[in-house]
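Residue -14 is where the sequence shown starts when you use our numbering, and the numbers rise one by one after that. To start, the structure under review is shown below, and the notes come after it.
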Amino acid sequence: MLLFLILLLPCTNHAFGLNPAIKAVLASKGLKYGTHIGTDWMHEKILSMKVPDVTGGVYIGFGTVKYVLDGISVSSCDVPEPSVNFSEGSGLKIVINGLSIAVRGNWHTTFGIITDGGSFDLAVFNLDLTLLVDIGSDDKGHMSILSKYCSARINSATINFHGGASWIFQPFVDCFKSRIKALIEEKICPLVDQHVADLEQYLTELQVSFQIDPIVVLDVPLTNAPLISSSSLGLDLKGEFYSIKSPKEPPFEAKAFDLFNSASYAYFDTGHLHITVTDEMVSHQPLLCLPKLFPNMLMLLEVYAREIPMFSFLPGEVTLDFPGAVKALAILPNRTLTPLFKLNADSLFSGKVYISEGKLKGLMELKNFTLTLASSEIGTFQTAALEKGVNMLMKISVLSVLNAKLKEGIALPTIRSLNFVNSVLKVQQVCI
């Protein structure tokens, strides 16, 4: 039952924003698929289940036979597919009808000074189990689960004793059977409750922060309790990127699906949206015009984001507004640097996001580019000659770095034995 519940529930100290960056929904179709896969897991779990010893006594008309059943193991089981439904506002209702289990073990009896022993086979037929679990969240953003109600009923059972003087006790099987059946029924729900408690402990130990690369981490705690309707279970995850070295909140209000914008801020704030183009690189395409405009001068270019790049999400399209800058510096004979000019290079990228290899990935292209002179220590000059070259530089530097990051992707949370297959990601509304 523990593994079954883990399968059905996706896993995923802080002032959470009102708008989660990631929304995950488990609908009835996904629940049905999880139920189907979970049935096989339940079969394996039951076969490996440890059954506690059973002790007691049975009055047989002329005295009481004290017995111990130990060394009990499950030899086979037949697990019908459970009926699992959302319980609106609370959690899940799990119903199993017709579960059958066969066990074997050893028996020991004491009747006065007479002791005996042997083996036994027990078959439990048509076991009906109903379980209600509440699903919520704790103050750390972990999912929580609590057993709210459990009912177990065994409709029939048979038991056969072997070895020793079992032939003496076999006529009194009905006495044993009713008692043992009642004992088993009493132990089922406490075992189920313990498995749910184990799952609760497992959920509290799950990570809600994942290191994406050496620069940033992604925080994905729940921002509120799961939203459960009669047909789905919804998870709102924070989805905020932070710098590993200097984590801080981004200087903008959290809005719906600001996942990428918080990543932009983390990279911007730590100075990782900055590259240096050396003189050797300038002397070749795409900036052959610079040596012509500034002959006999070794140069160095700094290309960087002057403001936080911001993503916007439109129907079927993702755009990125990248306010960039290019600062040109001259390398003097003594190798010191002196500023020449600064250009504002504003770029608008557009592209798509998709799921591949279990990761959220993307691909962008340069949609629009403008170049203006921001400042100059060598006087004003026309930027037209530079615009084509800087345009190409933006594609080679900024766009290549951006696409490399998007191609690397962000690993999406998964659960055991479930993976993304033929996933389709659709952008359907404005998220800015």
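Ideal Cβ placement from N, Cα and C applies to all residues, glycine included.
Considering only DSSP beta bridges, list what residue i is partnered with.
i      : result
Leu387 : In DSSP, Leu387 forms no bridge with anything.
Tyr134 : Leu117
His93  : Val53, Gly102
Ala6   : According to DSSP, Ala6 bridges with nothing at all.
Ile139 : Leu112
Ile173 : Note: Ile173 sits in no beta bridge, so no partner.
Gly219 : Val10, Leu212
Phe226 : Leu203
Leu286 : Val262, Ala313
Val80  : Ser68, Thr115
Val43  : Val50
Gln196 : Val202
Met128 : Ser122
Ala87  : Ser61, Ala108
Ala396 : Lys344
His147 : Ser104
If you compare alpha carbons, which of the options is closest to residue i?
i      : options                        : result
Gly76  : Leu11, Met27, Lys172           : Leu11
Lys17  : Glu66, Trp26, Leu54            : Glu66
Thr420 : Ala310, Lys346, Arg320         : Past the boundaries of the shown model lies residue 420; the chain is included only from -14 to 417, so the question cannot be answered.
Thr40  : Phe253, Gly336, Ile169         : Ile169
Ser141 : Lys78, Asp119, Asn111          : Asn111
Lys8   : Gly102, Glu302, Val201, Leu207 : Leu207
Leu107 : Ala315, Gly74, Ala87           : Ala87
Glu350 : Leu305, Gly343, Ala330, Thr115 : Leu305
Ser382 : Thr20, Met128, Thr263, Ile98   : Thr263
Gly48  : Gly97, Asp38, Gly15            : Gly97
Ser129 : Val409, Asp254, Gly374, Leu220 : Leu220
Lys35  : Gly56, Thr20, His28            : Gly56
Arg320 : Arg291, Pro300, Leu285         : Leu285
Ile144 : Leu397, Thr365, Lys230, Lys166 : Lys166
Leu348 : Glu185, Leu203, Val386         : Val386
Ser420 : Gly15, Tyr44, Gln367           : The structure shown does not extend to residue 420, since the chain is modelled only from -14 through 417, so no value can be given for it.
Asn378 : Glu185, Ala330, Ser341, Phe366 : It is worth fixing the name first, because residue 378 is Leu in this sequence and not Asn. Selected option, being the one with the closest Cα: Ala330.
Leu397 : Val375, Asp204, Glu372, Lys337 : Asp204
Pro300 : Ser122, Phe366, Lys337, Leu184 : Lys337
Thr189 : Gly148, Asp123, Ser215, Phe253 : Asp123
Lys230 : Tyr134, Tyr252, Gly46          : Tyr252
Ile81  : Asn209, His28, Ser58           : His28
Cys409 : Gly19, Lys30, Ser341, His147   : Cys is not the amino acid found at residue 409; the sequence shown has Val there. Ranking the options by Cα distance to Val409, first place goes to Ser341.
Thr95  : Gly149, Ser58, Tyr134          : Gly149
Ser33  : Ser58, Asn407, Gly19           : Ser58
Do residue j and residue i come within 7 Å of each other at the CB atom, strictly closer than that value?
i      : j      : result
Tyr250 : Ile293 : yes
Phe226 : Ser247 : yes
Ile91  : Ser72  : With the sequence shown as reference, residue 91 is identified as Asn, and Ile is not the correct amino acid for it. For Asn91 and Ser72, no; Cβs fall outside 7 Å.
Ile120 : Pro211 : yes
Ile79  : Val64  : no
Tyr289 : His257 : no
Lys346 : Leu391 : yes
Thr418 : Glu302 : An answer regarding residue 418 cannot be provided, because it is not within the stretch -14 to 417 covered by the chain.
Ile395 : Lys344 : yes
Thr115 : Ser136 : yes
Asp178 : Ser217 : no
Ser335 : Phe307 : no
Phe245 : Phe296 : yes
Ser60  : Arg89  : yes
With a cut-off of 8 Å on the beta carbons, I'd call residue i and residue j a contact; round off their distance for me.
i      : j      : result
Gly126 : Lys223 : 7 Å
Ser499 : Ile200 : For residue 499 there is no data in the structure shown, the boundaries of the chain being -14 and 417.
Gly83  : His93  : The pair is not a contact, with the Cβ atoms about 32 Å apart (cut-off 8 Å).
Thr323 : Ala315 : 5 Å
Gly42  : Val50  : 6 Å
Ala370 : Leu328 : The Cβ separation is near 12 Å, so there is no contact.
Pro5   : Lys172 : Wrong, their Cβ atoms sit about 41 Å apart, outside the cutoff.
Val109 : Val181 : Actually they are not in contact, since the Cβ atoms of Val109 and Val181 sit about 22 Å apart, beyond 8 Å.
Ile213 : Gly74  : 6 Å
Thr368 : Thr357 : 7 Å
Quiz item: Which runs of the beta strand (DSSP E) spanning at least 3 residues fall entirely within the region 289 to 375, listed in chain order?
Solution: For the region 289 to 375, whole beta strand (DSSP E) runs of length 3 or above, ordered along the chain, are 295 to 299, 302 to 316, 322 to 341, 344 to 361.
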